[in-house]
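*Asks:* I have a structure I would like to understand better, so I am pasting it below and will then ask my questions one at a time.
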Amino acid sequence: MQPKGKNMGQKDKKTKRTVQLVTSFSEEELTFVNNYLHKYKITNRSRWMRETLLAFIHRNLEDDYPTLFNEHEMRR
């Protein structure tokens, strides 16, 4: 029997995260990230990385729309 929690039954199979993405940081980069997390009292690093990465991609997709001509040709 599964333990009862407040979110039981709310997640469907589409949102279940089963794929891992692995990255490497230098010591300096990791210190930078850890200091940021500590400063803003972020305790779930995985969630923060996922949300930050997806927000960045989503924000940039809005500016990355297809055009008929490249920027140089349009400025002539």
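In this text, residue positions in the sequence shown follow this note's numbering: the first is 1223, and each later residue adds one.
Positions of the beta carbon are idealized from the N, C-alpha and C atoms, including for glycine.
Rounded to a whole number of angstroms, what is the C-alpha to C-alpha distance between I1279 and R1298?
*Replies:* Answer to the nearest angstrom: the Cα atoms are 30 Å apart.
*Asks:* Taking 8 Å as the CB-CB limit, is D1285 close to chain B?
*Replies:* Included in the structure is just one protein chain, with no chain B present.
*Asks:* Where K1283 and L1290 are concerned, what is the direct C-alpha to C-alpha distance, given to the nearest angstrom?
*Replies:* Correcting the residue type first, residue 1283 is Leu in the shown sequence and not Lys. So the alpha carbons of these two residues sit roughly 17 Å apart.
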